[in-house]
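Input: a single structure, listed below in structure tokens.
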Amino acid sequence: MPAAERGGSQVPARPRAKAPQNGKRPPGQHPAGPQAHARAEGAGLSPKITLMAAGGVVALALVGVLATGGRGERLAGEIGSAVDGRFGAVGFKLRAVHVEGASAMATPDIVAAAGVYKDQPLLGMDLSAVRARVEKVGWVEEARIVRLLPDTLVVAVKERKQLAVWQHAGRTLVIDDRGQPIREADPARFATLPLVVGAGGAEHAAAILPTLAQRPRLMERMDALVRVDNRRWDLRLKDGSIIQLPAVAEEEALMQLEQLDQRSHLLELGFARIDLRNPDVVAVRPREAGPVGQPAAAGI
């Protein structure tokens, strides 16, 4: 083979490598040169290898922070962004958010508060910040955030128990069993909850409602639980009757009412007011009789 001429000197030409008879290229050779070889290496990385490589990069960033101070912090931030991008390139992007432990009414508010978005790098996500945002939602008592690789975020919450609807100063709110308002809850959708009215009603409702719940005959007739002077309760019934409870020993007073109802079926007969504030005397005021020839109650 003739020698190649360059700058007046002769350089012996390298012999061409013979192609293997089976048509396969030797290991490490790529048809499009070194650039294609680099691209092939990047495209073929498995998620496991990417994780290992990213771990090494983060370790180097930490060394840089310790060694260079502020410059290292900036370097670590830049490297972190690059790592997030690398993770995203191999599929570690947010595709779905699963909310566990929440009702259908609470779920949209929880997802909105999480503040995450589709295709967000999953491994670079600050889970503590997500949890803090979710726990600010009125529905939520506590939350736990879990990454489920490669593409899912799990938001597991403990939802507050809805106790009652509270009315005061022109506002109507759903409250939990600690008297705290659930701001996002629409009271109109909780018609089956007891209605509590008045200042101090939210804070004290949890102490008396379980006692009332043990008396279904009374509960099914009750229209509202009214806090009086923030020291005691009146029970307002659906027919307009009032039961006045004492400031203390409420359960004993309700037991007196039960005994009276068992003897005379008082809740069925109706009355204007029952005063249970004095433990020694139960005062019952009957309804005023209607005019002669007129029905005794509306609708009769």
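First residue of the sequence shown? That's 10 in the numbering used here, and the numbers climb one at a time after it. Even for Gly, the Cβ is constructed at its ideal location relative to N, Cα and C.
Leaving out five residues on either side along the sequence, give the residues of the same chain with a beta carbon under 8 Å from the beta carbon of residue i.
| i | result |
| --- | --- |
| M231 | P203, L221, L244, R245, L246, K247 |
| V125 | L103, V106, M134, V139, L162 |
| S112 | W148, E168 |
| F199 | Q171, V174, V183 |
| R226 | D270, L276 |
Let me check understanding here. Comparing Cα to Cα, which of the options lies closest to residue i?
| i | options | result |
| --- | --- | --- |
| F101 | L254, T161, I191 | T161 |
| E193 | A115, V174, R296 | A115 |
| P196 | V205, V174, A208, I217 | V174 |
| P130 | D118, L158, A208, I119 | L158 |
| D118 | D128, L132, R142 | R142 |
| R296 | F280, D289, P288 | F280 |
| T201 | S250, D289, E229 | E229 |
| A208 | G188, L218, D238 | D238 |
| I154 | V120, E260, L254 | V120 |
Please return the same chain residues whose Cβ sits closer than 7 Å to the Cβ of residue i, not counting the five positions on each side in sequence.
| i | result |
| --- | --- |
| L269 | L275, V291 |
| D186 | K170, L172, A215 |
| E144 | E151, A152 |
| R224 | L263, E267 |
| G188 | A211, E212, A214, A215 |
| L218 | L172, A173, P203 |
How many whole angstroms separate the CB atoms of residue i and residue j, which I take to be in contact at a CB cut-off of 8 Å?
| i | j | result |
| --- | --- | --- |
| R240 | A256 | 5 Å |
| V146 | A122 | 5 Å |
| L285 | Q265 | 6 Å |
| R156 | L182 | With 8 Å as the limit, R156 and L182 do not qualify as a contact, their Cβ atoms being about 35 Å apart. |
| A211 | I191 | Contact doesn't hold; Cβ gap of about 11 Å is too wide. |
Could you pull out every residue in the same chain whose Cβ sits closer than 6 Å to the Cβ of residue i, ignoring the five residues on either side in sequence?
| i | result |
| --- | --- |
| R180 | none |
| L71 | A caution first: L71 carries a pLDDT of 44, below 50, which makes its placement in the model too unreliable to give a value. |
| L109 | Note that residue 109 is Glu in the sequence shown here, rather than Leu. Within the same chain, E109 has close Cβ partners A165. |
| V205 | A173, W175, A214, L234 |
| I252 | L244, I283 |
| S250 | F280 |
| P288 | none |
| G97 | Caution applies to G97, whose pLDDT of 49 falls short of 50 and renders its modelled position unreliable; the value that the coordinates give is listed next. Once the five neighbours on either side are set aside, the close Cβ partners of G97 are P130. |
Going by DSSP, which residues form a beta bridge with residue i?
| i | result |
| --- | --- |
| H177 | R180 |
| I252 | L244, I283 |
| L162 | V106, R156 |
| M231 | L246 |
Assign residue i to one of two classes, buried (16 or more other C-beta atoms within 10 Å of its C-beta) or exposed (fewer than that).
| i | result |
| --- | --- |
| R272 | exposed |
| V7 | This structure leaves residue 7 out entirely; the chain is present only between 10 and 309. |
| A262 | buried |
| R236 | buried |
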